[in-house]
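Protein chains in written order, with this note's numbering: chain A, 1 to 194; chain B, 1001 to 1194.
2 protein chains.
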Amino acid sequence: MTVRVERADAARNRKAILEAADRLFASANSPSDVSMDDVAAAAGVGKGTLFRRFGDRASLIRQLYAARLAPLRDKIGSGPPPLGPSTAPRERVAAIIDAIALVKLQNSHLMLALEDGGGPANDIHRSPDYRDVHRLIADLLIADTDRLRADWTAHVLLACVRADLLRHLTETEGMSQTQIRANLRNFIEHTLSR
Amino acid sequence: MTVRVERADAARNRKAILEAADRLFASANSPSDVSMDDVAAAAGVGKGTLFRRFGDRASLIRQLYAARLAPLRDKIGSGPPPLGPSTAPRERVAAIIDAIALVKLQNSHLMLALEDGGGPANDIHRSPDYRDVHRLIADLLIADTDRLRADWTAHVLLACVRADLLRHLTETEGMSQTQIRANLRNFIEHTLSR
DNA sequence: ATACGATACGGACCATCAGTCCGGTTAGCA
DNA sequence: TGCTAACCGGACTGATGGTCCGTATCGTAT
């Protein structure tokens, strides 16, 4: 089996597309305002190229999301406390949820694009990102309770940091990021206490 | 100001459309599988009629949703315990959330259609239905804490019964409705204690 | 340096869908 | 029975995700 190497022009275009898409989603009011034509145009690339590289819209958005979350994943997987594996479970869960909230608050438009429904195909719950972090959190909680309840609790914690909820809290209800994180911290602490 | 009365044929068509849409969304795999043309055809009505009556897709779905939720709203607004106003706050909140979960579990496809993103315009958090029930719950919680925290907690409780989460739990994780409601009950009890 | 096959490019093209428009029809009333 | 406002329906439009294929480019073998 040969190692397929991506041609230089292909690599250049992939990068241009990701950057353009990132920029567009970040500045758009709503993800649906950004069409694939817009992305292609902004990247200075043909539509065919865009679709050959990324398959479809959902896939493009997923890759953007993955790129943004990569640093966080690394920190969680093999970083120093409080995110890294050496931290005590409950404390680590709290740190993880807080970190997720922070990333989403700071990348709200992009996160919104990913979590913005559109059929079962891109249900966040089915994405590897969600499943992985859910599994991790549920495993961290399992020491205190049974599997079913750990799974449930992990879902609830993640539901607290959904992009659209966070946006609503900041934009419509006028909560500051600080207030949100404070509430979140209280809530998690209370939820995880026995 | 005269009282505009809807003509008989118009009323008949409105009903036919609502019924057809209800049926289609209920049996479709995903809300996006149901086009407005499908609805019009199934209702035996022209597209023009459909749009004149309901304005746009989001509006149609909202009306379906409202119709499904009306009985619950009535029971909450002026019914007997445990949903009605005479119930003690915490107990009532628990009953309300459980009732919402039940309705959503029983109408999952339709509920999914409504909550299925699509720009800030139909963000559930902005719908009157959501705002009203959030306000009610937050007001019931205010006795135990401050405004900010009551608001937050109400949002979290409602996030636990979002249609897509419920669907994921039943369809992908294979939880039974009973298990979900049991977890929910435990969770609420724990959250509202102290 | 050159030639050549594999890979990639791009934009015209297609299908689908929400939403509009207007000529023809019908309900309700005098 | 006749009149008018309200209503009907389906052809039409504009936008969008996604496909196709003739042409251009890359990387390599010579």
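Note that beta-carbon positions come from the ideal geometry of N, C-alpha and C, so glycine has one too.
List, in order along the chain, the chain A residues whose C-beta lies closer than 9 Å to that of residue i?
| i | result |
| --- | --- |
| B:R1068 | The contacting residues do not exist; B:R1068 stays about 19 Å from chain A at best. |
| B:R1185 | By Cβ distance, chain A contributes nothing, its closest Cβ being about 11 Å from B:R1185, past 9 Å. |
| B:R1073 | Within chain A, no residue comes near B:R1073; the closest Cβ sits about 21 Å away, beyond 9 Å. |
Beta carbon of residue i, beta carbon of residue j: below 9 Å?
| i | j | result |
| --- | --- | --- |
| A:R14 | A:A42 | no |
| B:F1051 | B:L1110 | no |
| A:S108 | A:A66 | no |
| B:I1096 | B:I1124 | no |
| B:V1105 | B:T1170 | A small fix is needed here, since residue 1105 of chain B is Leu in this sequence, not Val. It is a contact, given that the beta carbons lie within the stated cut-off. |
| A:D132 | A:A150 | no |
| A:K47 | A:A40 | yes |
| B:Q1177 | A:L148 | no |
| B:V1161 | B:I1061 | no |
| B:I1188 | B:L1166 | no |
| A:G84 | A:R90 | no |
| B:H1168 | B:A1154 | no |
| A:D181 | A:D98 | Rather than Asp, the amino acid found at residue 181 of chain A in this sequence is Arg. Yes, Cβ-Cβ distance for A:R181 and A:D98 is below 9 Å. |
| B:D1116 | B:S1035 | no |
| A:A88 | B:A1159 | no |
Identify the contact partners of residue i in chain B, using a Cβ-Cβ distance below 7 Å as the criterion.
| i | result |
| --- | --- |
| A:Q179 | L1148 |
| A:R92 | By Cβ distance, chain B contributes nothing, its closest Cβ being about 21 Å from A:R92, past 7 Å. |
| A:R62 | Chain B residues near A:R62: none, gap ~15 Å exceeds 7 Å. |
Give the secondary structure of residue i by DSSP, where H, G and I count as helix, E and B as strand, and everything else as coil.
| i | result |
| --- | --- |
| A:N186 | helix |
| A:L83 | coil |
| A:M1 | In this predicted model, A:M1 has a pLDDT of only 48, less than 50, meaning its place in the structure is not dependable enough to derive any value. |
| A:N13 | helix |
| A:T178 | helix |
| B:A1088 | coil |
| A:V103 | helix |
| B:D1038 | helix |
| A:R7 | coil |
| A:D164 | helix |
| A:D198 | Residue 198 of chain A lies beyond the range of chain A shown here (1 to 194); nothing can be said about it. |
| A:D123 | coil |
Give the interface partners of residue i over in chain B, defined as CB-CB distance under 8 Å, in chain order.
| i | result |
| --- | --- |
| A:L165 | H1125, H1155, A1159 |
| A:E173 | D1151 |
Determine the extent of the alpha helix (DSSP H) in which residue i is found, giving its start and end residues.
| i | result |
| --- | --- |
| A:V133 | 128 to 141 |
| A:N29 | Looking at the DSSP string, A:N29 is not in any alpha helix (DSSP H), and its letter there is neither H nor E. |
| A:G48 | 47 to 54 |
| A:T145 | No alpha helix (DSSP H) contains A:T145, which DSSP labels as neither H nor E. |
| A:L169 | No alpha helix (DSSP H) holds A:L169; DSSP gives it neither H nor E. |
| B:R1073 | 1057 to 1078 |
| A:S108 | 108 to 115 |
So residue i contacts chain A; which residues on that side make the cut at Cβ distance below 7 Å?
| i | result |
| --- | --- |
| B:F1025 | Those within 7 Å of B:F1025 in chain A number zero; the least Cβ separation is about 13 Å. |
| B:R1014 | Chain A residues near B:R1014: none, gap ~27 Å exceeds 7 Å. |
| B:R1204 | Missing from the structure shown is residue 1204 of chain B; chain B here goes from 1001 to 1194 and no further. |
Cβ closer than 8 Å: which chain A residues qualify as neighbours of residue i?
| i | result |
| --- | --- |
| B:N1107 | Residues of chain A passing the Cβ test: none, with the nearest at roughly 17 Å. |
| B:F1054 | Ordered by position in chain A, no residue passes the 8 Å Cβ test against B:F1054, which lies about 20 Å from the chain. |
| B:T1170 | Ordered by position in chain A, no residue passes the 8 Å Cβ test against B:T1170, which lies about 11 Å from the chain. |
| B:T1049 | Near B:T1049 there are no residues of chain A at all, since even the closest Cβ is about 27 Å away, more than 8 Å. |
| B:R1057 | Those within 8 Å of B:R1057 in chain A number zero; the least Cβ separation is about 13 Å. |
| B:T1087 | None at all; the shortest Cβ gap to chain A is about 24 Å. |
Taking the alpha carbon of residue i as the reference point, which residue from the options has its own alpha carbon closest?
| i | options | result |
| --- | --- | --- |
| A:V103 | A:A143, A:D146, A:L60, A:A70 | A:A70 |
| A:H190 | A:W152, A:A150, A:A94 | A:A94 |
| A:Q63 | A:R7, A:S78, A:N122, A:N29 | A:N122 |
| A:T145 | B:L1148, B:L1165, B:N1183, B:R1135 | B:N1183 |
| B:E1006 | B:V1156, B:L1018, B:R1053, B:V1161 | B:R1053 |
| A:A143 | A:L192, A:R126, A:R185, A:H168 | A:L192 |
| B:D1056 | B:R1092, B:C1160, B:A1008, B:I1017 | B:I1017 |
| A:N29 | A:S127, A:A8, A:P128, A:L112 | A:L112 |
| A:W152 | B:R1185, B:D1033, B:L1083 | B:R1185 |
| B:T1049 | B:V1034, B:G1079, B:R1012 | B:R1012 |
| A:A10 | A:A21, A:V45, A:D37, A:V34 | A:V45 |
| A:S127 | B:P1080, B:A1008, B:T1172 | B:T1172 |
| B:R1068 | B:E1019, B:S1086, B:P1082 | B:E1019 |
| A:L136 | A:A8, A:S27, A:D37, A:R73 | A:R73 |
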